[in-house]
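Colleague:
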Amino acid sequence: MGQPADSSSSQSDSLTVRDNRTGKTYTVPIKDNVVSATAFKAIVAPRKPQDREENDPEKGLRVSDKGFLNTAVIHSQITYIDGEAGVLRYRQVGYPIEQLALHSSHLETGYLLIYGALPSKAQLKLFESEVMHHSIVHADAENFFRSFRYDAHPMAMLTSAFAYLGSYYSEANPSLQGQNLFTKSDPASLANMDKQIYRLIGKATTLAAMAYRVRQGRDFVTPPSGLSYTGQFLYQMDHLGQEDYRPSPVLEKALDVLFLLHADHELNASATTVLQTGSSLVDPYSAIAAGCASLYGPLHGGANEAVIRMLISIGSPENVPAFLEAVKKREKVLSGFGHRVYKTSDPRSFIIRKTADEVFKVTGKDELLETAMALHDAAIKDDYFVSRRLAPNVDFWSGLIYRAMGFPYDFFPVLFAVPRVVGWLAHWRQMMLQEGGVKIWRPRQIYVGAAKRDYVPTEKREVVEGAKNSPIPVVHGGISKRTAMAEFKGKSKL
């Protein structure tokens, strides 16, 4: 790879690179429309006097891709996205998301993502029964959740809970059982892996419901039997002792569709975080906790909450034109439009719009719906947004559904994280079983800091000013302020 090119070479599936620094020409193979970044390490050049030592051209050329805009880090068979055409398909056989949303369920789709094919009736029954069987958590979990502040964000609780969960299962920890615990691909290893998958999917709804209940100041509910995955979830959140309680079938189905749509989305930020963390061969609970933390961010799992707050700030349909003008002037942020991958419409948004109509039939139309429709219609007809390919995405409608169903805004990311667990596990499992084993992910950097310099004593240093170059003191109040004015032994004189 990346060897100097032979003048007689006739390779058609390759890239010819000429290094104008040395005059050498290199041939880089192309496979699956991809060139290997490591091939460019063969492109070396002597260091010039003006070159920084840290750039070290003698060790080969590096490839810069800030934010992974065009870097492939793994071969995957799980999810296919064509952002230009607005296509989303699950697994290598290419099931369109529209067909799955119409005919499948979240757990069946989870099976598809994890194991690679739609299950038989017996396979699905086994998978569903194992997942539901493993939904119950240890009694100590109650004390764990009660230890959080009354106003703790539910995503902080859920992230912590996934990590906490791993402390119960030493057989799932490669640090304790050997680093090839999940990479051997033998029957015992695969069975161990499946058990952790059942536990994480089954307990995801229970942990999320506990985070919800502790915020409400309510007792926790043991997962019931005989309900669907989302039915059980709604039951654990809402049951207050009523006899023969069953959640609304419309809301149960809507939530299942939303879970299915959010199950996976290729190498998004949280899935990549799971793989980055998992590449160290940490236990799967820690890897899922890391993914949950990544999803917490407003640029990822918090986007649907941002849509609702945006619609509230707009107020009414007549204020939409002024809001869009403010967006064009970069005075306001338009949430729920555009996507890092999709350059046309998000295929999930059409399905969610239909689901929203079903939900509104039983909940009544949300007061923000008219504002949302006015914003939607105005933006998709405005050349400014059309030319920038800012079409509605999945977050634009999902927030309205969650709001209509009565969920608090800060619980919206939890409703994203719970279904995404199956996608995270599918990617984690695939990486554990990949040919050649697991290599720890270690990206390169381009060092642009200071060159080598000698230590300078404090009294001889030049003061470096600026907000980015020196710490900013905290304005203290309360006990800290009073303590600062008090006298006591050992008090600093600074």
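Residues in the sequence shown are numbered from 2 upward in steps of one, following this note's numbering. From the three backbone atoms N, C-alpha and C, an ideal C-beta is built for every residue, glycine too. Treat the numbers as computed from the prediction; the structure is a model and nothing was measured.
1) Looking only at its chain, what residues have a beta carbon closer than 6 Å to the beta carbon of glycine 303, apart from the 5 residues adjacent to it on each side?
2) Find out if the Cβ-Cβ distance for the pair glycine 61, alanine 43 is shorter than 9 Å.
3) Does isoleucine 480 pass the burial test, meaning 16 or more other C-beta atoms within 10 Å, or should it be called exposed?
4) CA-CA distance, lysine 344 and threonine 184?
5) Determine, using beta carbons only, whether arginine 48 and isoleucine 447 come nearer to each other than 9 Å.
6) Looking at C-alpha atoms only, which residue of Arg19, Val275, Leu177 is the closest neighbour of tryptophan 442?
7) Run the CB neighbour count on arginine 147, radius 10 Å, all protein chains shown included, and call it buried at 16 or more, exposed below.
8) By the DSSP assignment, the beta strand (DSSP E) with threonine 82 in it spans what residues?
9) Given this structure, state the Cα-to-Cα distance separating aspartate 265 from glutamate 326, to the nearest angstrom.
10) What are the start and end residues of the beta strand (DSSP E) that includes aspartate 20?
11) Can you name the residues that DSSP bridges to valine 88?
12) Consult DSSP for tyrosine 165 and reduce its assignment to one of helix, strand or coil.
13) Can you tell me whether methionine 433 is buried or exposed, with buried defined as 16 or more other CB within 10 angstroms of its CB?
14) One question on the structure: do aspartate 239 and proline 225 come within less than 9 Å of each other, judged by their Cβ atoms?
15) Helix, strand or coil for proline 30, going by three-state DSSP, please let me know.
16) Counting only the same chain and skipping the five closest in sequence on each side, list residues whose C-beta sits under 8 Å from that of histidine 477.
17) Does the ligand HEM have a heavy atom nearer than 8 Å to the CB of alanine 102?
18) Classify lysine 204 as buried or exposed, calling it buried when 16 or more other Cβ atoms lie within 10 Å of its own Cβ.
19) Which of helix, strand or coil does DSSP assign to phenylalanine 183?
20) Quickly, what does DSSP pair valine 275 with across the bridge? List them, please.
21) Quick check: what's the CA-CA separation for asparagine 144 versus lysine 122?
22) Tell me whether proline 97 sits in a helix, a strand or coil according to DSSP, three-state version.
23) What does the alpha-carbon distance come out to for the pair threonine 372 and leucine 416?
24) Can you find the residues in the same chain that come closer than 6 Å, C-beta to C-beta, to glycine 292, ignoring five residues on each side of it along the sequence?
25) Phenylalanine 338 and leucine 300 look like a contact to me (Cβ under 8 Å); what is the Cβ gap, rounded to whole Å?
26) At which residues does the alpha helix (DSSP H) containing proline 414 begin and terminate?
27) Whole angstroms is fine: what's the gap from proline 155's alpha carbon to aspartate 57's?
28) How long is the line joining the alpha carbons of lysine 492 and glycine 467, rounded to whole angstroms?
29) Can we say the stretch 309-319 touches the stretch 281-289, given the rule of at least three CB pairs closer than 8 Å?
30) Taking only runs of the alpha helix (DSSP H) that begin and end inside the stretch 258-340, which ones reach a length of at least 4 residues, in chain order?
31) Let's test the definition: count the other Cβ atoms within 10 Å of the Cβ of threonine 39 and tell me whether it reaches 16, buried, or not, exposed.
32) Within the continuous alpha helix (DSSP H) that includes glutamate 54, where are the two ends?
33) I need the straight-line Cα distance from glycine 279 to histidine 428, nearest angstrom please.
34) With distance defined between alpha-carbon atoms, name the residue in Asn305, Ser168, Leu296, Pro97 nearest to phenylalanine 408.
Modeller: Answer, in terms of the structure:
1) Cβ within range, chain order: Pro414.
2) Closer than 9 Å, so yes.
3) Result: exposed.
4) Its pLDDT being 48, under 50, lysine 344 is placed unreliably in this model, and the value from its coordinates should be taken loosely. Per the coordinates, the alpha-carbon of lysine 344 lies some 37 Å from the alpha-carbon of threonine 184.
5) Between arginine 48 and isoleucine 447, the C-beta gap is not smaller than 9 Å, which leaves the two residues out of contact.
6) Nearest Cα to tryptophan 442 within the set Arg19, Val275, Leu177: Val275.
7) That one is exposed.
8) The sequence shown places isoleucine at residue 82, not threonine. 80-83 is the span of the beta strand (DSSP E), which, as asked, contains isoleucine 82.
9) Distance between the alpha carbons of aspartate 265 and glutamate 326 is about 34 Å.
10) Boundaries of the beta strand (DSSP E) harbouring aspartate 20: 15-20, taken from the DSSP string.
11) According to DSSP, valine 88 bridges with Asp83.
12) Per DSSP, reduced to three states, the secondary structure at tyrosine 165 is helical.
13) With 16 or more other Cβ atoms within 10 Å, it is buried.
14) If you check the CB distance, aspartate 239 and proline 225 do not come in under 9 Å.
15) Looking at proline 30 - three-state DSSP - the assignment turns out to be strand.
16) Correct list, in chain order: Ala485.
17) Although the ligand HEM was asked about, the structure shown includes no ligands whatsoever.
18) Answer is buried; the Cβ neighbour count reaches 16.
19) Reduced to three states, the DSSP call for phenylalanine 183 is coil.
20) Its beta-bridge partners do not exist; DSSP assigns none.
21) Taking the straight line from one Cα to the other gives about 39 Å.
22) In the three-state reduction of the DSSP assignment, proline 97 falls in the strand class.
23) Straight-line Cα distance between these residues: approximately 24 Å.
24) If you ignore the 5 residues before and after glycine 292, its C-beta comes within less than 6 Å of the C-beta of Ser271, Thr274, Val275, Trp425, all in its own chain and listed in chain order.
25) About 14 Å separates the Cβ atoms of phenylalanine 338 and leucine 300, ruling out a contact at the 8 Å cut-off.
26) Unbroken alpha helix (DSSP H) run through proline 414: 413-433.
27) C-alpha of proline 155 to C-alpha of aspartate 57: approximately 47 Å in a straight line.
28) Between lysine 492 and glycine 467, the C-alpha separation is close to 29 Å.
29) Result no; under three Cβ-Cβ pairs closer than 8 Å.
30) Counting only runs of 4 or more, we get 270-279, 285-296, 304-315, 321-329.
31) Exposed.
32) Run containing glutamate 54: none; DSSP gives neither H nor E here.
33) C-alpha of glycine 279 to C-alpha of histidine 428: approximately 10 Å in a straight line.
34) The shortest Cα separation from phenylalanine 408 among Asn305, Ser168, Leu296, Pro97 belongs to Asn305.
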